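First up is the structure itself, then whatever we jot down about it.
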Amino acid sequence: MSTLKTLNGNQTIAEAVRQIDPDVLAAYPITPSTAIVETIAKFKADGLITGEFVCPESEHSAMSVCIGASSAGGRVMTATASQGLALMWEMLYIAAGLRLPIVAAIVNRSLSAPINIHGDHSDTMGARDSGWIQIYSENCQEAYDNFIQAFRIGEDLKVRTPVFVGLDGFIISHSLEVIQVEDDDKIKKFVGEYKPVYPLLDISRKMTVGPIDFTDYYFEHKRNQMEGIENAPSVIEAVGKEFGQKFGREYGFFEEYRMDDAELCIVVMSSAAGTCKDAVDELRSDGKRIGLLKPRIFRPFPYEKIAETLKKMKAVAVLDRSSSPGAFGAPLFTEVRSALYDYAERPYIVNYVYGLGGRDIKVEHFKEVALKLEKIAETGKVEETYGYINLRE
Amino acid sequence: MAKLKDLAAMEDRLVAGHGMCLGCGIPLIFKIILRATEDPLIIANATGCLEVCTTIFPRTSWNVTWIHSAFENAASTIAGVESMYKALKKKGRIPEDKKIKFLGVGGDGGTYDIGLQALSGAVERGHDIVYVCYDNNAYANTGGQRSSATPFGASATTSPEGAESPGKLQRRKDLTKILVAHNIPYVAQASPNRWQDLYKKAQKAFEIEGPAFLNVLCFCPTEWKYDESQGIRLAQTAIDTCVWPLYEVENGKYKINYIPKEKKPVLEWIKPQGRFRHLFKEENAWVLEEYQKQVDEDWEELNKLAKL
Chain Y
1 MSTLKTLNGN
11 QTIAEAVRQI
21 DPDVLAAYPI
31 TPSTAIVETI
41 AKFKADGLIT
51 GEFVCPESEH
61 SAMSVCIGAS
71 SAGGRVMTAT
81 ASQGLALMWE
91 MLYIAAGLRL
101 PIVAAIVNRS
111 LSAPINIHGD
121 HSDTMGARDS
131 GWIQIYSENC
141 QEAYDNFIQA
151 FRIGEDLKVR
161 TPVFVGLDGF
171 IISHSLEVIQ
181 VEDDDKIKKF
191 VGEYKPVYPL
201 LDISRKMTVG
211 PIDFTDYYFE
221 HKRNQMEGIE
231 NAPSVIEAVG
241 KEFGQKFGRE
251 YGFFEEYRMD
261 DAELCIVVMS
271 SAAGTCKDAV
281 DELRSDGKRI
291 GLLKPRIFRP
301 FPYEKIAETL
311 KKMKAVAVLD
321 RSSSPGAFGA
331 PLFTEVRSAL
341 YDYAERPYIV
351 NYVYGLGGRD
361 IKVEHFKEVA
371 LKLEKIAETG
381 KVEETYGYIN
391 LRE
Chain L
1 MAKLKDLAAM
11 EDRLVAGHGM
21 CLGCGIPLIF
31 KIILRATEDP
41 LIIANATGCL
51 EVCTTIFPRT
61 SWNVTWIHSA
71 FENAASTIAG
81 VESMYKALKK
91 KGRIPEDKKI
101 KFLGVGGDGG
111 TYDIGLQALS
121 GAVERGHDIV
131 YVCYDNNAYA
141 NTGGQRSSAT
151 PFGASATTSP
161 EGAESPGKLQ
171 RRKDLTKILV
181 AHNIPYVAQA
191 SPNRWQDLYK
201 KAQKAFEIEG
211 PAFLNVLCFC
221 PTEWKYDESQ
231 GIRLAQTAID
241 TCVWPLYEVE
251 NGKYKINYIP
261 KEKKPVLEWI
271 KPQGRFRHLF
281 KEENAWVLEE
291 YQKQVDEDWE
301 ELNKLAKL
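In order, the protein sequences belong to chains Y and L. Residue numbers are given in the working numbering: position 316 of the first sequence equals residue 316, and the series is strictly consecutive. Residue numbers are given in the working numbering: position 30 of the second sequence equals residue 30, and the series is strictly consecutive.
And the structure:
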C-alpha cells in the first residue's frame with residue numbers, strides 16, 4: 001500500500017534514494033540541495049541503506065567518484081545545485097562520453113555573480129549540451145516520480161546516458177507537500193537490478209577505458225554517444241506509461257493543461273507551471289481560450305511532439321527561468337521556436353525571461369502574458385519578441 | 001629481496017609499443033611498481049605523459065584494467081572504483097575472498113598542482129588505494145611548463161630564464177610532507193635508480209590497508225635537457241646531492257632509506273641539465289647558492305625528523 005507523507009522536495013528525493021538504495025552515493029553539500037546529502041548520510045548511519053556513501057571534498061570530486069564508481073559497475077547517484085553543478089561541468093561531459101547512467105538530483109539554483117541561493121534554471125540550462133538527459137519537476141510528487149524513473153531511463157541498455165532530475169530550489173526543495181510514497185518493494189521492483197556494461201570490476205576482462213582519440217576516431221565516438229540520447233524517447237515513453245500502470249501517475253514528454261480548444265499557449269517548466277495552471281483556470285473562466293504546455297523532458301527535446309501541439313495556436317509565449325546572453329532568446333524559447341520552423345502553419349511566438357535568482361512569478365504575471373498574447377493574436381503584430389517578467393527596469 | 005631474474009619473468013602490465021620519449025623514466029618506474037603486487041589491479045590515470053602515450057585509440061599498452069577520466073581527479077576516480085568494490089562486496093555481488101588493488105597515478109602536474117585537492121580528499125577519506133606520483137618536475141606532456149615541483153632556478157616555458165629572470169624563483173613544494181601531514185599509514189619517496197628500494201616501497205604500499213602515497217623522481221630527458229642515456233646516473237646524482245632524499249614514513253615514523261657516503265654539491269646535479277644552464281652566468285651565482293642552501297636545509301630537517 002502506498003502511503004501519504006508530508007515531505008519537502010529534498011526529502012522526497014532522499015526517500016526515493018532510500019527505496020532504490022543505489023550502490024554508491026557521492027555528493028557534496030550545497031544550498032539548496034544540502035538536505036538530500038544530509039538525509040542520505042543519516043540513512044547510512046542508521047543502517048537504512050546498504051550502498052557506500054562517499055562525502056568528497058568538492059563537487060568536481062563527487063562527480064569523479066561517481067564516474068569511477070559507475071565505471072566499476074554499479075548503480076550511482078549524486079545531488080547538487082548551482083555552483084556545485086558548475087564545478088562538475090568538466091566531468092559531466094566525461095560521464096556522458098563514457099556512457100555512464102549516473103542519476104543526479106539537481107535542485108535548480110541561479111549561478112553567481114552576484115551570488116544568490118534561490119531557484120532558477122541557469123545551472124542545468126548551462127549544462128544542456130553536456131549530453132545528459134534532463135527531466136524537470138513541477139512539484140514534490142513529480143520530483144519523486146521522476147527520480148525513480150530516471151534510473152530506468154538512463155540505465156536502459158539502448159540509452160546508457162546520465163540523467164538530471166531538476167526540482168526548483170526552495171520553491172520545491174523546501175516546500176512541504178503531501179505526496180504519495182509507494183511501497184519500498186514496489187519501487188525496488190520497478191527500478192530493477194542494475195545491469196553493468198563492461199564493468200571495471202570484472203577483472204577477468206582487462207580493459208582500457210577513456211583512451212585518447214585523435215582526429216581519426218573522436219568524431220565517430222561522439223556520434224555513437226549521441227545515439228544513446230537519441231534512443232531515449234521511446235524508453236522515456238514506455239517507462240512513463242509503465243509508471244502510470246503501476247502507480248496511477250502516467251508521464252510523457254510534457255503536460256498539456258486545458259489545451260483542447262486553446263488558441264493561445266504559455267510554455268513554462270517546473271514549479272511556475274503550477275502557478276500558471278491557476279492563471280489558466282481564471283482566464284478560462286473569463287472565456288479566454290488559453291492553455292499551458294509544461295515540458296517535462298528538455299533533453300532529448302521532444303521537437304515533433306511539441307511542434308504538433310503548438311502549430312495550431314495563434315500565439316505562444318515561452319517562459320524561461322534562465323537567460324542566454326547574446327542569443328536570440330533564452331534556451332527553452334530557441335528550442336520551441338526551432339521546433340516550429342518547418343511548419344508552414346505556425347503561431348506567433350515570443351519569449352519572456354522570469355524568476356532569475358528566485359524572483360516570484362504570480363498569477364497576475366501570467367495574466368499579463370495572456371493579455372499580450374491576445375493582442376498579438378488579434379493584431380498579428382509582435383512588438384517585442386523577447387522581454388522580462390516582474391523586473392524593475 | 002626481490003631477484004631481478006624473478007621480476008623479469010613476471011608478466012608485464014605495461015607493455016611495449018607506447019610512445020614515451022627515448023630515455024623517459026616513466027615506463028621504468030611503472031614496470032617496477034606494477035610488479036610489486038600479484039593481485040588483480042585497477043588503475044586510474046590522470047591526464048599526462050603516461051596516459052597519452054599509452055592509450056592512443058585503438059591501441060593500448062595496458063595489460064591491466066585502466067581508466068582515465070580527467071587531469072585533476074585520478075585520486076577521486078580511483079576512490080570511486082574502490083567505493084563500488086566495497087559496496088558490491090557488502091552486497092555479496094563480489095565474493096568476499098576476492099582481492100583487487102586500486103592504484104591512482106599522476107605526474108607532478110596532476111598531483112602537486114591541479115590534482116592536489118582530489119588527492120588530499122581521497123586519502124583523508126581513507127580509501128584503500130595506492131597513489132603514485134611520477135615527479136618529472138614539469139608539465140612535460142604539454143611541453144615543459146613550470147609546476148610547483150619544478151626546482152628553484154630551473155628554466156621552464158612558463159618560468160623562462162631571460163635578461164631579467166634566472167628561471168623559476170620559487171622553492172619546490174614539498175608534496176611528500178603534505179601527504180605525511182594527512183596521517184595516512186604509508187608515505188614514501190623513491191627513485192628508479194634504487195629499484196629494490198622502489199619495489200619494496202611499492203610492495204608495502206599495496207599491502208598496507210588504507211591510503212598509501214609514493215612520490216617517485218622521474219627523469220625527463222626532454223624537459224631536463226640532458227643526454228638521454230644518462231637518466232639513471234642523474235637519478236643517482238639526485239639522491240647523492242640530497243636533492244631527492246629517499247625516505248619513508250610508516251605510521252608517522254620517518255626513516256631515511258639512503259644516506260650518501262659523501263653528500264655531493266648540488267652543482268653536480270645541475271651541471272648535466274640544460275634547464276639549469278643559465279645558472280652559470282655570473283649574475284645568477286646567487287641562485288646556485290640559494291638552491292644549495294634550500295637542499296641543505298631540507299636534508300637537515302629530514303635528518304631531525306628521522307631521529308625523532
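Idealized CB from N, CA, C, for every residue including glycine. Quantities reported herein were computed from a predicted structural model and do not represent experimental measurements.
Rounded to whole angstroms, what is the Cα-Cα separation between Thr-78 of chain Y and Ala-26 of chain Y?
What you label residue 78 of chain Y is simply residue 78 of the first sequence in a count that begins at 1. What you label residue 26 of chain Y is simply residue 26 of the first sequence in a count that begins at 1. A direct Cα-Cα distance of roughly 5 Å separates Thr-78 of chain Y from Ala-26 of chain Y.
Check the DSSP bridge columns for Asp-402 of chain Y and list the partner residues they point to.
Residue coverage of chain Y in this structure runs from 1 to 393, which leaves residue 402 of chain Y outside it and unanswerable.
On the three-state DSSP scale, how would you describe Gln-189 of chain L?
Along the second sequence, one-based indexing puts residue 189 of chain L at 189. Reduced to three states, the DSSP call for Gln-189 of chain L is strand.
Residue range of the alpha helix (DSSP H) that includes Met-125 of chain Y
Within the first sequence, numbered from 1, the residue matching residue 125 of chain Y stands at position 125. Its alpha helix (DSSP H) spans residues 122 to 126.
For Leu-243 of chain Y, which beta-bridge partners are listed by DSSP?
For the purposes of this step, residue 243 of chain Y is identified with residue 243 of the first sequence, where counting begins at 1. The residue you asked about is not Leu; residue 243 of chain Y is Phe in the sequence shown. Beta-bridge pairing links Phe-243 of chain Y to no other residue.
May I have the straight-line CA-CA distance separating Thr-215 of chain Y from Val-52 of chain L, to the nearest angstrom?
The sequence position of residue 215 of chain Y within the first sequence is 215, counting from 1. The sequence position of residue 52 of chain L within the second sequence is 52, counting from 1. The alpha-carbon atoms of Thr-215 of chain Y and Val-52 of chain L are separated by roughly 14 Å.
Classification of Val-197 of chain Y by the beta-carbon crowding that lies within 10 angstroms, buried from 16 upward:
Walking along the first sequence from the start, residue 197 of chain Y turns up at place 197. Val-197 of chain Y should be labelled exposed.
Rounding to the nearest angstrom, what Cα-Cα distance links Thr-3 of chain Y and Val-363 of chain Y in this structure?
Within the first sequence, the letter at position 3 stands for residue 3 of chain Y. Within the first sequence, the letter at position 363 stands for residue 363 of chain Y. Linking Thr-3 of chain Y to Val-363 of chain Y through their CA atoms gives a straight-line distance of about 32 Å.
Cα separation between Ala-8 of chain L and Val-15 of chain L?
For the purposes of this step, residue 8 of chain L is identified with residue 8 of the second sequence, where counting begins at 1. For the purposes of this step, residue 15 of chain L is identified with residue 15 of the second sequence, where counting begins at 1. Those two C-alpha atoms are separated by around 13 Å.
Quick one: what's got a C-beta closer than 8 Å to Lys-288 of chain Y's C-beta in the same chain, skipping five residues either side?
Against the first sequence, residue 288 of chain Y aligns to sequence position 288. Closer than 8 Å at the Cβ level, and outside the excluded window around Lys-288 of chain Y, lie Leu-264, Ala-370 and Glu-374.
Opposite Tyr-134 of chain L in the DSSP bridges: which residues?
In the second sequence, the residue the question calls residue 134 of chain L occupies position 134. L:Gly-107 and L:Val-216.
Nearest-angstrom Cα separation, counted from Gly-106 of chain L out to Lys-206 of chain Y
Counting from 1 along the first sequence, the entry for residue 206 of chain Y is found at position 206. Counting from 1 along the second sequence, the entry for residue 106 of chain L is found at position 106. Answer to the nearest angstrom: the Cα atoms are 21 Å apart.
Please classify Gly-231 of chain L as buried or exposed, where buried requires at least 16 neighbouring CB atoms within 10 angstroms.
Against the second sequence, residue 231 of chain L aligns to sequence position 231. Residue environment: Gly-231 of chain L is assigned as buried (16 or more neighbouring CB atoms within 10 Å of its CB, all protein chains considered).
Considering only residues of the same chain and omitting the five flanking positions on each side of Gly-166 of chain Y, which have a CB-CB separation below 6 Å?
Walking along the first sequence from the start, residue 166 of chain Y turns up at place 166. In its chain, beyond the 5 residues on either side, Ile-106, Asn-108, Thr-124 and Tyr-136 have a beta carbon closer than 6 Å to the beta carbon of Gly-166 of chain Y.
Start and end residues, alpha helix (DSSP H) containing Ala-150 of chain Y:
Counted from its first residue, the first sequence places residue 150 of chain Y at position 150. Segment 140 to 155, the alpha helix (DSSP H) holding Ala-150 of chain Y.
Beta-carbon proximity of Pro-40 of chain L to Ile-13 of chain Y, cut-off 8 Å
Reading the second sequence from its first residue, position 40 is the one you call residue 40 of chain L. Reading the first sequence from its first residue, position 13 is the one you call residue 13 of chain Y. Not in contact: Pro-40 of chain L and Ile-13 of chain Y (Cβ atoms no closer than 8 Å).
Could you check whether Gly-144 of chain L and Lys-168 of chain L sit closer than 8 Å to each other, using their CB atoms as the reference points?
Residue numbering aside, residue 168 of chain L sits at position 168 when the second sequence is read from its first letter. Residue numbering aside, residue 144 of chain L sits at position 144 when the second sequence is read from its first letter. No, the Cβ-Cβ distance between Lys-168 of chain L and Gly-144 of chain L is not below 8 Å.
Could you check if Val-382 of chain Y is buried or exposed, using at least 16 other CB atoms within 10 Å of its CB as the buried criterion?
Here residue 382 of chain Y refers to the residue found at position 382 of the first sequence. Note on Val-382 of chain Y: under 16 other CB atoms within 10 angstroms of its CB, so exposed under the neighbour-count rule.
Where Asp-168 of chain Y sits in the DSSP three-state scheme
Your numbering for residue 168 of chain Y matches position 168 in the first sequence. In this structure, Asp-168 of chain Y counts as strand in the three-state DSSP scheme.
DSSP three-state assignment for Ile-78 of chain L, whether helix, strand or coil
The count along the second sequence starts at 1 and reaches residue 78 of chain L at position 78. Shown here, Ile-78 of chain L sits in a helix according to DSSP, grouped into three states.
Can you find a C-beta in chain L that's less than 8 Å from the C-beta of Ser-61 of chain Y?
Sequence index remark: in the first sequence, residue 61 of chain Y carries index 61 (1-based). Chain L contact via Cβ: present.
May I ask you to list the residues that DSSP assigns as paired with Val-163 of chain Y?
For the purposes of this step, residue 163 of chain Y is taken as residue 163 along the first sequence, with counting starting at 1. Val-163 of chain Y pairs with Y:Val-103 and Y:Ile-133.
Based on DSSP bridge pairs, tell me the residues matched to Trp-89 of chain Y.
The residue you call residue 89 of chain Y lines up with position 89 of the first sequence. Trp-89 of chain Y is not bridged to any residue.
Residue span of the alpha helix (DSSP H) that contains Trp-286 of chain L, given as start and end
Residue 286 of chain L sits at position 286 when you count from the first residue of the second sequence. Counted as a single uninterrupted DSSP element, the alpha helix (DSSP H) harbouring Trp-286 of chain L occupies residues 285 to 307.
Terminal residues of the continuous alpha helix (DSSP H) containing Arg-223 of chain Y?
Locating residue 223 of chain Y in the first sequence gives position 223, counting from the first residue. Boundaries of the alpha helix (DSSP H) harbouring Arg-223 of chain Y: 218 to 230, taken from the DSSP string.
Among all the DSSP beta bridges, which residues are the ones paired with Val-123 of chain L?
In the second sequence, the residue the question calls residue 123 of chain L occupies position 123. According to DSSP, Val-123 of chain L bridges with nothing at all.
Using only the alpha-carbon positions, how far apart do Glu-311 of chain L and Pro-27 of chain L sit?
As shown, chain L starts at 1 and ends at 308. That puts residue 311 of chain L outside it, with no answer to give.
Hey, could you find the ends of the alpha helix (DSSP H) Val-180 of chain L is sitting in?
For this step, residue 180 of chain L is matched to residue 180 along the second sequence. It spans 175 to 180 - the alpha helix (DSSP H) in which Val-180 of chain L sits, taken as one unbroken run.
For Cys-265 of chain Y, which of helix, strand or coil comes out of DSSP?
Taking the first sequence and counting its residues from 1, one reaches residue 265 of chain Y at position 265. Cys-265 of chain Y: strand per DSSP, three-state reduction.
In chain Y, which residues lie with their C-beta within 9 Å of the C-beta of His-319 of chain L?
The requested residue 319 of chain L is not part of the displayed model; chain L covers only 1 to 308.
Taking Cβ positions only, does Tyr-103 of chain L come closer than 8 Å to chain Y?
Here residue 103 of chain L refers to the residue found at position 103 of the second sequence. The identity of residue 103 of chain L in the sequence shown is Leu, whereas the question assumes Tyr. Taking Cβ atoms only, chain Y never reaches closer than 8 Å to Leu-103 of chain L, which makes this a no.
Through-space distance from Asn-10 of chain Y to Phe-43 of chain Y, alpha-carbon basis
Residue mapping note: residue 43 of chain Y aligns to position 43 of the first sequence, counting from 1. Residue mapping note: residue 10 of chain Y aligns to position 10 of the first sequence, counting from 1. Each residue's alpha carbon lies about 14 Å from the other.
Quick check on the DSSP output: the alpha helix (DSSP H) that includes Lys-5 of chain L runs from which residue to which?
On the second sequence, residue 5 of chain L is found 5 positions in, with the first residue counted as 1. Per DSSP, the unbroken alpha helix (DSSP H) holding Lys-5 of chain L starts and ends at 4 to 9.
Counterpart residues of Gly-153 of chain L in DSSP-defined beta bridges
The residue you call residue 153 of chain L lines up with position 153 of the second sequence. DSSP output for Gly-153 of chain L lists no bridge partner at all.
C-beta contact flag for Val-191 of chain Y and Arg-152 of chain Y at 8 Å:
What you label residue 191 of chain Y is simply residue 191 of the first sequence in a count that begins at 1. What you label residue 152 of chain Y is simply residue 152 of the first sequence in a count that begins at 1. The answer is yes: Cβ separation under 8 Å.
Alpha carbon to alpha carbon, how far is Ala-118 of chain L from Arg-249 of chain Y? Give it in angstroms, no decimals.
Counting from one through the first sequence, the residue named residue 249 of chain Y turns up at place 249. Counting from one through the second sequence, the residue named residue 118 of chain L turns up at place 118. Distance between the alpha carbons of Arg-249 of chain Y and Ala-118 of chain L: 42 Å.
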